[in-house]
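Peer 1: Note that my numbering has the sequence shown beginning at 21, numbered continuously upward. We put the CB at the ideal spot given by N, CA and C, even for glycine.
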Amino acid sequence: MYHDYGGSHSTATAVAIHLGLISATTVPSAQELLRKVPLFDRLTAEDHGRLYHMGEDTDGNSIYILPRRSQKLLVLNAVKSTISLLGDNPDDWLFIDTIPTVNIWMRIGGYLSRRQGMVALGRPLVTYGTQKAFPHISTLVRQTKKTISSRSGKPLSDTGGRASANKQG
21 MYHDYGGSHS TATAVAIHLG LISATTVPSA QELLRKVPLF DRLTAEDHGR LYHMGEDTDG
81 NSIYILPRRS QKLLVLNAVK STISLLGDNP DDWLFIDTIP TVNIWMRIGG YLSRRQGMVA
141 LGRPLVTYGT QKAFPHISTL VRQTKKTISS RSGKPLSDTG GRASANKQG
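1) In terms of residues, what are the limits of the alpha helix (DSSP H) holding residue 137?
2) So residue 129 is in the alpha helix (DSSP H); what residue range does that whole segment cover?
3) Take residue 50 as the anchor and find which of 150, 105, 99, 168 has the nearest alpha-carbon.
4) From the DSSP secondary-structure annotation, give me the bridge partner or partners of residue 87.
5) Grouping DSSP H, G and I as helix and E and B as strand, with all else coil, what is residue 142?
6) If residue 134 sits next to residue 71, beta carbons under 8 angstroms apart, how far is it from one beta carbon to the other, in whole angstroms?
7) Leaving aside the five residues before and after residue 138 along the sequence, list all residues of the same chain whose C-beta is less than 6 angstroms from its C-beta, in chain order.
8) For the region 43-81, list the beta strand (DSSP E) runs that are entirely contained and at least 3 residues long, ordered along the chain.
9) Among 42, 153, 129, 39, which has the Cα closest to the Cα of residue 143?
10) Considering Cα atoms alone, identify which of 158, 141, 153, 24 is closest to residue 41.
11) Mark residue 39 as exposed unless 16 or more other C-beta atoms lie within 10 angstroms of its C-beta, in which case mark it buried.
12) How big is the Cα-Cα spacing for residue 76 and residue 47?
Set out below in structure tokens:
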């Protein structure tokens with residue numbers, strides 16, 4: 021499960037890389053981000069706190085986005101408690117915070133586009149920032165896939181996929 025403040029930029033891009041919707045090695049154009057990255061610059065405050073199942077990767081792991089605002093501990097505790105109540109083990113899930121990949125361009129652009137509704141001004145900034153952050157986001161996804169692979173004992177598949185191991189995401 022990839023999570024961050026709003027779910028629209030670093031998490032959406034990480035998920036698109038993880039699922040093979042965009043290349044992990046080539047920085048996407050602005051048009052590719054908007055066309056190929058589901059939810060890119062689309063979620064609003066009303067969407068925060070909702071869990072989005074984005075699909076399954078090539079190894080059958082369900083991959084999710086969780087926009088959680090600045091309430092990381094609160095929201096993750098609620099999700100982990102719910103997983104437990106449903107009879108699953110939250111330790112079988114991966115919770116990947118994409119905030120460390122976010123740069124100032126993404127913060128300003130995301131704020132203007134998503135929070136203030138100034139899409140024409142914010143979207144170009146957040147898109148530029150996402151392109152600049154892309155190598156960091158891609159590295160985070162690669163590390164996540166290695167962790168999933170080591171947990172499952174399966175060799176690492178870098179071919180992308182459909183959109184958790186077994187529950188990991």
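Peer 2: Reading it off the structure:
1) Premise fails: residue 137 is in no alpha helix (DSSP H) and is neither H nor E.
2) 124-130
3) 150
4) 24
5) helix
6) With 8 angstroms as the limit, residue 134 and residue 71 do not qualify as a contact, their Cβ atoms being about 18 angstroms apart.
7) 132
8) 72-76
9) 129
10) 158
11) buried
12) 23 angstroms
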